[in-house]
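With our numbering applied, the sequence shown corresponds to residues 8 to 119, in that order.
Here the structure comes first, spelled out in structure tokens, and everything after it is commentary.
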Amino acid sequence: MSGLGINLQKTSMFCQGLDSVSLDSIKSLFNLKALSLPIRYLGLPLSSKKLTIDDYDPLLALLQKKLNSWTNKLLSLAGRLSLLSSVISGIVGFWTSAFILPKKVIKWINSI
Numbered sequence: 008m009s010g011l012g013i014n015l016q017k018t019s020m021f022c023q024g025l026d027s028v029s030l031d032s033i034k035s036l037f038n039l040k041a042l043s044l045p046i047r048y049l050g051l052p053l054s055s056k057k058l059t060i061d062d063y064d065p066l067l068a069l070l071q072k073k074l075n076s077w078t079n080k081l082l083s084l085a086g087r088l089s090l091l092s093s094v095i096s097g098i099v100g101f102w103t104s105a106f107i108l109p110k111k112v113i114k115w116i117n118s119i
């Protein structure tokens, strides 16, 4: 045994299609709180439905915030390109590992 255990104060469950009696039974059995979707987890929106363009606003806002913070700094062209290729690519890569980005979002990112 590693000594690791589940932290029940930080643990939640998501149930879809359960009646209230079954949900209450599971909650009391495992002493967990039930949450409903949509939520944000690790900065990504989680939903039981297909994401809309508005759900990508946090991604676009984060990219814009990063870009705005770099414009105030005296960076060379090489420094800006380095930041773009590493930071922006990392953020976009994280989102694309979970979702297929809509063409409209990709066009906006490429316009940066």
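Backbone N, C-alpha and C fix where the C-beta goes; we use that ideal spot for every residue, glycine too.
Model, not experiment: these values are computed from the prediction.
1. Is the region 42-60 touching the region 72-88 in the sense that three or more CB pairs, one from each, lie closer than 8 Å?
2. Please state whether the Cβ-Cβ distance between residue 44 and residue 33 is less than 9 Å.
3. Out of 66, 29, 15 and 84, point me to the one whose CA is closest to residue 109's CA.
4. For residue 102, count neighbouring Cβ atoms within 10 angstroms of its own Cβ and tell me buried if that reaches 16, exposed if not.
5. Classify residue 28: buried if its beta carbon has 16 or more other beta carbons within 10 angstroms, exposed otherwise.
6. Under a Cβ-count criterion, where at least 16 other Cβ atoms within 10 Å of its own Cβ denotes burial, should residue 48 be classed as buried or exposed?
Based on what the coordinates show:
1. no
2. Taking 9 Å as the Cβ cut-off, residue 44 and residue 33 do not qualify as a contacting pair.
3. 66
4. buried
5. exposed
6. exposed
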